[in-house]
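Protein chains: 2
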Amino acid sequence: MKNNLVPNTGHEFRSRCSIARALELIGDKWTLLIVRDLMWHNKHTFQAMQNSVERIPTNILSQRLKKLMDWGLVRREPYQERPLRYHYLLTDNGQSLEPVLSQIMGWGHEHLEGGLHPPGVSKNSDTRLV
Amino acid sequence: MKNNLVPNTGHEFRSRCSIARALELIGDKWTLLIVRDLMWHNKHTFQAMQNSVERIPTNILSQRLKKLMDWGLVRREPYQERPLRYHYLLTDNGQSLEPVLSQIMGWGHEHLEGGLHPPGVSKNSDTRLV
DNA sequence: ATAGCAACTTGCATTTTTAAAGTTACATAT
DNA sequence: ATATGTAACTTTAAAAATGCAAGTTGCTAT
Numbered sequence: 095m096k097n098n099l100v101p102n103t104g105h106e107f108r109s110r111c112s113i114a115r116a117l118e119l120i121g122d123k124w125t126l127l128i129v130r131d132l133m134w135h136n137k138h139t140f141q142a143m144q145n146s147v148e149r150i151p152t153n154i155l156s157q158r159l160k161k162l163m164d165w166g167l168v169r170r171e172p173y174q175e176r177p178l179r180y181h182y183l184l185t186d187n188g189q190s191l192e193p194v195l196s197q198i199m200g201w202g203h204e205h206l207e208g209g210l211h212p213p214g215v216s217k218n219s220d221t222r223l224v
Numbered sequence: 095m096k097n098n099l100v101p102n103t104g105h106e107f108r109s110r111c112s113i114a115r116a117l118e119l120i121g122d123k124w125t126l127l128i129v130r131d132l133m134w135h136n137k138h139t140f141q142a143m144q145n146s147v148e149r150i151p152t153n154i155l156s157q158r159l160k161k162l163m164d165w166g167l168v169r170r171e172p173y174q175e176r177p178l179r180y181h182y183l184l185t186d187n188g189q190s191l192e193p194v195l196s197q198i199m200g201w202g203h204e205h206l207e208g209g210l211h212p213p214g215v216s217k218n219s220d221t222r223l224v
């Protein structure tokens, strides 16, 4: 069963390759971290995501959320009025990125673990994945 | 069994999150396309990769290959001398990205298929994945 | 009235990407 | 010997994206 995403803006893909297409959406340093926060870290507000350890700049967070909503991977809804506050949620399409995220996490864990401040130090001191 | 990659340049990761780390390496629009070409398309020369449908700019290709070699995912060796010509190959670490690539491909295929020139046209005319 | 907070937006400097042209080293055809 | 061609890059300049700090809006609490 196909569930094609076509953004409201008429985006033109650069090729028919599914990988190339996917990378036009998630091929950057931040987008999948937002998805991670929504999927696994219970961070659903702008504020909460902004406070994640990677310190995404607010304008980038704003842009990426917009893009993800345009593509139907994320939706938002008010969780209170007066004052109006939104929380962001993954749509079913967004949730479907779980295996992708898992693979990337697994690969990073296997190959990139250790090496924080400075590289090579504290290699086996912590096995947290996310 | 861990096989940590630490590039010869002392790179500092922005967090301990495996996803965030992986994205510092492969979180862009081009890197995984190079890996795709090496892994599945039998494109091993600079020229061959440059000629892929997505038309990667040569300076980006050059930079990315350098980065991938620095991180030990790709190596190159001369396949002839006079004139000296190189071909690029995935290392075992590079090969280990296969499941990641497969997941991304699968996701793109499920969610981003169809919609080329212009979006929405020729939806079911071709089912090639890569 | 003043201060504070969440959710953004704006302005601007820096960095990265892109497209095009140029370079180097060698090979082959005339 | 000279001219043309090719692979693998590098350089340059313009365009786009990113990152940082500060500002805005709408509302609440004191």
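Chains A and B, in that order, give the protein sequences.
Residue numbers for the first sequence follow my numbering, beginning at 95 and rising by one.
Residue numbers for the second sequence follow my numbering, beginning at 95 and rising by one.
From the three backbone atoms N, C-alpha and C, an ideal C-beta is built for every residue, glycine too.
Indicate the three-state DSSP secondary structure (helix, strand or coil) for residue i in the structure shown.
i: P172 of chain B; result: strand
i: H181 of chain A; result: strand
i: W165 of chain B; result: coil
i: G200 of chain A; result: helix
i: L195 of chain A; result: helix
i: H105 of chain B; result: coil
i: S190 of chain B; result: coil
i: V215 of chain A; result: Caution is warranted here: a pLDDT of 28 is assigned to V215 of chain A, below 50, making its placement in the model unreliable, and the coordinate value is therefore given only provisionally. Correct three-state label for V215 of chain A: coil.
Classify residue i as buried or exposed, calling it buried when 16 or more other Cβ atoms lie within 10 Å of its own Cβ.
i: D186 of chain B; result: exposed
i: Y182 of chain B; result: buried
i: S46 of chain A; result: Residue 46 of chain A lies beyond the range of chain A shown here (95 to 224); nothing can be said about it.
i: L195 of chain A; result: buried
i: R179 of chain B; result: exposed
i: E175 of chain A; result: exposed
i: T152 of chain A; result: exposed
i: Q197 of chain B; result: buried
Once the 5 residues before and after residue i are set aside, which same chain residues still bring their CB inside 6 Å of it?
i: K137 of chain B; result: D131 and M143
i: V129 of chain A; result: L191
i: T139 of chain A; result: H181
Residue i: beta carbon under 8 Å from a heavy atom of the ligand FAD?
i: N153 of chain B; result: Summarising the ligand content, the structure contains no ligands, and the ligand FAD is consequently not present.
Considering only residues of the same chain and omitting the five flanking positions on each side of residue i, which have a CB-CB separation below 8 Å?
i: Q189 of chain A; result: M133
i: H105 of chain A; result: E118
i: E171 of chain A; result: Y180, H181 and L183
i: S109 of chain A; result: R115
i: S146 of chain A; result: L127, D131, H135 and K137
i: P154 of chain B; result: Here the sequence assigns Ile to residue 154 of chain B, which means Pro is not the residue at that position. Result list for I154 of chain B: W124, in chain order.
Which same chain residues, not among the five before or five after residue i, have their C-beta less than 7 Å away from its C-beta?
i: R115 of chain A; result: F107
i: E148 of chain B; result: L127
i: R158 of chain A; result: W124, T125 and I128
i: I120 of chain B; result: L126
i: R169 of chain B; result: M163, L183 and T185
Check your understanding: Which runs of the beta strand (DSSP E), 3 residues or longer, sit entirely within the stretch 116-158 of chain A?
Key -> Counting only runs of 3 or more, we get nothing.
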